[in-house]
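S.K.:
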Amino acid sequence: MPLLRPLAWLFALLLLIVAAIAVFALTFDANRYKPELAALVKEQTGRELDIDGDIHLSFYPDIALQLGQVKLGNAKGFANELFAETDSARVTVQFLPLLEQQLKINEVHLQGLKLNLHRNKNGKTNWQDLLPENSSKANASAGEAMTSLLGGMVITGVSVQDSQLHWQDDQQGKTVTLAPLNLQTGTFQPGKPVDLRLDAALTQNEPPLTMQLSLTTVAQLAENQEDFSLTDLRLQVKQPERLDTSLRGNLQGNLKKERASIPDLQADVILEGLGKVTLSSKLDVNLIKQQLNMTDLSINADVKSTEIPGGQLQQQSSGKLSLNLESGKGLLDLPNNVIKAAEQQLMGSLQVRDPLLPSRAVDGKFKAEQLSYPPFTLQQATLGVQFKEGQVKLTPTGTLFKGAYQGEINLDTLQTPATFSSEHTVKKLRTEELLFALTDDRLVTGALDMTAKLNSVAGDANVFKQNLNGTIDLTLNEGTIRDASFAQKTREVVKLFEKERVNAAGETEVTFTQLKGQWQVKQGVFHTDENVMLAPHFQVKGNGDVNIVDESLDFKLRISEKPKPDKADGLFAPLHIYGAWGKPSYELELDVLLKAIAQRELDKEKSKLKGRFETEKQEQLDALKQKGEAVKEGVQQDVQSEVDKLEQRLQDELKNKLKGLF
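With UniProt numbering, you'll find the sequence shown wraps up at 662, consecutive numbering, no jumps.
1. Out of curiosity, what's the CA-to-CA distance linking GLY275 and GLY579?
2. Considering only residues of the region 315 to 397, which uninterrupted beta strand (DSSP E) runs meet the minimum length of 3 residues and lie entirely inside it, listed in chain order?
3. Helix, strand or coil for ALA623, going by three-state DSSP, please let me know.
4. Please state whether the Cβ-Cβ distance between GLY390 and THR413 is less than 7 angstroms.
5. How far does the alpha helix (DSSP H) with GLU408 in it reach, from first residue to last?
6. Decide if the region 188 to 196 is in contact with the region 345 to 358; the criterion is three or more beta carbon pairs, one per stretch, under 8 angstroms apart.
7. Out of VAL108, ASP87, GLU85 and SER607, which one is the CA nearest neighbour of GLN94?
8. Quick check on the DSSP output: the alpha helix (DSSP H) that includes GLN466 runs from which residue to which?
9. Bridge partners of PHE555, per DSSP?
10. Residue range of the alpha helix (DSSP H) that GLU36 falls in?
11. Looking at the strands, I want to know which residues DSSP matches up with THR203.
12. What number of angstroms, rounded off, separates the C-alpha of PRO335 from the C-alpha of LEU279?
13. For my contact list, LEU331 and SER317 are in at a C-beta cut-off of 8 angstroms; report their separation, rounded to the angstrom.
14. Helix, strand or coil: how does DSSP classify LYS606 here?
15. Between ASP50 and LYS71, is the Cβ-Cβ spacing less than 7 angstroms?
16. Under the DSSP definition of a beta bridge, which residues are partnered with PRO584?
17. Which residue's Cα is closest to the Cα of LEU115: THR86, LYS121, ALA267 and ASP268?
18. Give me the Cα-Cα distance between LEU287 and TYR405, rounded to the nearest whole angstrom.
19. Can you say whether PRO180 is buried or exposed, counting buried as having 16 or more other CB atoms within 10 angstroms of its CB?
20. For SER422, which residues of its own chain have a beta-carbon under 6 angstroms away from its beta-carbon, when the five flanking residues on both sides are left out?
21. Could you check where the beta strand (DSSP E) with residue 665 kicks off and where it finishes?
22. Cutting at 6 angstroms between CB atoms, please list the residues of its own chain near GLN239, excluding the five before and the five after it.
23. Hey, could you find the ends of the beta strand (DSSP E) LYS71 is sitting in?
24. Using 6 angstroms as the cut-off, classify the Cβ of ASN122 as near or not near the heavy atoms of the ligand SAH, replying yes or no.
25. On a Cα-Cα basis, can you pick out the residue from LEU271, GLU241, GLU226 and LEU243 that is closest to LYS257?
26. What did DSSP end up calling PHE436 once you bin it into helix, strand or coil?
27. Give me the Cα-Cα distance between VAL176 and SER88, rounded to the nearest whole angstrom.
28. So GLY446 and LEU476 are in contact, right, with Cβ under 8 angstroms, and what is the actual spacing, rounded?
29. How should LEU209 be labelled, buried or exposed, when 16 other C-beta atoms within 10 angstroms of its C-beta is the threshold for buried?
30. Could you pull the DSSP bridge partners for ALA79 from this structure?
31. Is DSSP giving residue 670 helix, strand or coil here?
32. Hey, could you find the ends of the beta strand (DSSP E) ASN224 is sitting in?
33. Within the same chain, show all residues whose beta-carbon is closer than 7 angstroms to that of THR185, passing over the 5 residues directly before and after it, in chain order.
34. Cβ atoms of PHE387 and VAL426: under 7 angstroms apart, would you say?
35. Checking the sheet assignment: what are the DSSP bridge partners for ASN106?
36. What is the DSSP secondary structure of LYS257, counted as helix, strand or coil?
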């Protein structure tokens, strides 16, 4: 029986301990400490702490503290809104490890947490007063005990559900909200890695942005409490109906220096309905200087769109990015670019200044063996690219249909649809090459000099043509019109003029020395009031319309004798060309021609009558003049005779008077 006595005492002691715990659990009221806790927070931080509802404490199977709604006031000098509040909170602690000075927390659960972070215009934040350096120091013995306790701390899991984080930055005029926010972690233990998962919806005011975030990683804080790492970091960002971005890499950082780097950053960006962009780089971030740098940057894009020639664009670029996170200013420098589209390739450099600002500017220079925008193909091309505030400027040069080409295209992307205006100059462009590209027919040959000012909207070929407007000045030298019907009609007209036949090759060409005119373009219809074509033995003047929308023409020509220095315009025959490009109709208006011939004969008769009248009039005038001369001569003789008689009489009278005196 000696063994039973110690066992009985031990059993009685256990019953006493259990009874004491039961009495403590039944009689302990944590709610009576709420005023003391609120007063302590007020003393330490100057903030108001409000705990609504009862505090529940349980001891089985672990020590658990359950709180209702908790509210913590904001710092002085900030808005009256709460700094933080939560709908409910629960913390579970294992009891037995406490006896060994180990803190093992089974669960930390926050439901409906709302955290408002704020930085004012002076750079002060509303959490600075909560940092350790602003709190009073604990006594040494309490500090040693707490250090011993926390040194063995283990948190098996943290759960934050249906929560919200709001960030307001008065210096930059930005607000960012994460809501709803859900956070789940694995086991927290000092110096050990911990699994993290975060899901949140992000909303930003400037620039306006809404996206869904999902992050997973394994985090670890080193023993020096400064170095940390995020291993196997994976971040996914989604914008509804716009893009889906995923980032991967391994991050190393230092809390004290506020620096972090990802030496193996990989990113995939899927653009809704457009394609995919992949990126790789070495990333460095300095939060003290608010500076982000990406070196060894490589970008590959595969974009599909009906507005791209050939429907697909592929780009390979390499370079670097330097960016100030606070101001948004910086430079994306891509000196090596290869762009492929519609079986053509461009190579060159591209720079983007201040890529995060609305005022971002793009400047690029490219070269290509050929640059196509069907049906046009620019050989040995250079292309300047500039973009600023939604305005795109392209300056292509090169060889177009064997002629020298220089252009400027301005695209306004702020309009819907995008609008463009352009100026084009070509020298000695071969029209047979141009027309074959447009109509599969080499109707007109020659060397074309042209200046064009055109505007339209971006879109497919039909939309482009229907909205095409502008003016065109052209001169076509030393060419031919290769059309049998036109040649036949022209020969008929030339024969009517009793001139030589046109110098034809195979009797299918009409040769001319120059064709020039001015065109106005309105909604895809090219109109001219007068085009002039000079040929060896005749000239052609024309006016009318060419419709590139329905591919038709309606043109009236006046085929006439070749102008002479003393006679600018002679007799002409009207030729009407109309119908579809591929099969036009020709109508020689002989009745108009006959009327013109009759008018010419009438004009000749009038001229003859006028000449005869002028001749007879002159003859009568000459006869009258002769008669006048004869009359004048007779009158002069009679006057002279009378003068002589008068002189003789005066002399005789004078002599008689003299005789009387002497």
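All C-beta atoms, glycine included, are put in the ideal place defined by N, C-alpha and C. Since the model is a prediction, treat every value here as computed from it, not as a measurement.
M.R.: This is what the structure holds:
1. Numbered from 1 along the sequence shown, position 275 holds the residue referred to as residue 275. Numbered from 1 along the sequence shown, position 579 holds the residue referred to as residue 579. The alpha-carbon atoms of GLY275 and GLY579 are separated by roughly 43 angstroms.
2. 330 to 341, 344 to 353, 361 to 373 and 376 to 388
3. Within the sequence shown, numbered from 1, the residue matching residue 623 stands at position 623. Helix at ALA623.
4. Position 390 of the sequence shown, counting from 1, holds the residue named residue 390. Position 413 of the sequence shown, counting from 1, holds the residue named residue 413. Contact annotation: GLY390 and THR413 have beta-carbon atoms nearer than 7 angstroms.
5. The sequence position of residue 408 within the sequence shown is 408, counting from 1. Looking at the DSSP string, GLU408 is not in any alpha helix (DSSP H); the run it does join, the beta strand (DSSP E), is 403 to 412.
6. In this structure the region 188 to 196 does not touch the region 345 to 358; the number of beta carbon pairs closer than 8 angstroms is below three.
7. As a working mapping, residue 94 is identified with position 94 in the sequence shown. Residue VAL108 is the option with its Cα nearest to GLN94.
8. Your numbering for residue 466 matches position 466 in the sequence shown. 461 to 466 is the extent of the alpha helix (DSSP H) around GLN466.
9. For the purposes of this step, residue 555 is identified with residue 555 of the sequence shown, where counting begins at 1. Its beta-bridge partners are GLY544 and ILE577.
10. As a position in the sequence shown, residue 36 is number 36, starting the count at 1. GLU36 -> alpha helix (DSSP H) spans 34 to 45.
11. Here the question's residue 203 lines up with position 203 in the sequence shown. THR203 is bridged to THR177 and THR210.
12. The residue labelled residue 335 in the question sits at position 335 within the sequence shown. The residue labelled residue 279 in the question sits at position 279 within the sequence shown. Going by the C-alpha atoms only, they are around 16 angstroms apart.
13. What you label residue 331 is simply residue 331 of the sequence shown in a count that begins at 1. What you label residue 317 is simply residue 317 of the sequence shown in a count that begins at 1. Incorrect: roughly 14 angstroms between the Cβ atoms, too far for contact.
14. The residue labelled residue 606 in the question sits at position 606 within the sequence shown. The answer is helix: DSSP assigns LYS606 an H, G or I state.
15. Within the sequence shown, numbered from 1, the residue matching residue 50 stands at position 50. Within the sequence shown, numbered from 1, the residue matching residue 71 stands at position 71. Yes, they are a contact pair.
16. Here residue 584 refers to the residue found at position 584 when the sequence shown is read from its first residue. PRO584 is bridged to GLY579.
17. Counting from 1 along the sequence shown, the entry for residue 115 is found at position 115. Residue THR86 is the option with its Cα nearest to LEU115.
18. Numbered from its first residue, the sequence shown carries residue 287 at position 287. Numbered from its first residue, the sequence shown carries residue 405 at position 405. In a straight line, the C-alpha of LEU287 is about 50 angstroms away from that of TYR405.
19. The count along the sequence shown starts at 1 and reaches residue 180 at position 180. Exposed, since its Cβ has fewer than 16 Cβ neighbours within 10 Å.
20. Mapped onto the sequence shown, residue 422 falls at position 422. Only ILE409 and LEU454 meet the Cβ criterion.
21. The chain is shown from 1 up to 662; residue 665 falls before or after that span and cannot be answered.
22. Looking up residue 239 in the sequence shown gives position 239. Around GLN239: MET211.
23. Residue 71 sits at position 71 when you count from the first residue of the sequence shown. In this chain, the beta strand (DSSP E) harbouring LYS71 covers 70 to 72.
24. This structure does not include the ligand SAH; it has no bound ligands of any sort.
25. As a working mapping, residue 257 is identified with position 257 in the sequence shown. Looking at the Cα atoms, GLU226 is the closest of the given residues.
26. Counted from its first residue, the sequence shown places residue 436 at position 436. The answer is helix: DSSP assigns PHE436 an H, G or I state.
27. Against the sequence shown, residue 176 aligns to sequence position 176. Against the sequence shown, residue 88 aligns to sequence position 88. Roughly 24 angstroms between the two C-alpha positions.
28. One-based indexing of the sequence shown puts residue 446 at position 446. One-based indexing of the sequence shown puts residue 476 at position 476. 4 angstroms between Cβ atoms; contact.
29. In the sequence shown, counting from the first residue as 1, residue 209 sits at position 209. So LEU209 counts as exposed.
30. Here residue 79 refers to the residue found at position 79 when the sequence shown is read from its first residue. According to DSSP, which records beta bridges pairwise, ALA79 is partnered with nothing at all.
31. Any answer about residue 670 is impossible in this case: the structure gives the chain only from 1 up to 662.
32. One-based indexing of the sequence shown puts residue 224 at position 224. From DSSP, ASN224 is part of no beta strand (DSSP E); its letter is neither H nor E.
33. By 1-based counting over the sequence shown, the position of residue 185 is 185. Only GLY157, VAL158, VAL194, ASP195 and LEU196 meet the Cβ criterion.
34. As a working mapping, residue 426 is identified with position 426 in the sequence shown. As a working mapping, residue 387 is identified with position 387 in the sequence shown. For VAL426 and PHE387, no; Cβs fall outside 7 angstroms.
35. The residue you call residue 106 lines up with position 106 of the sequence shown. ASN106 pairs with nothing; no bridge assigned.
36. By 1-based counting over the sequence shown, the position of residue 257 is 257. LYS257: coil per DSSP, three-state reduction.
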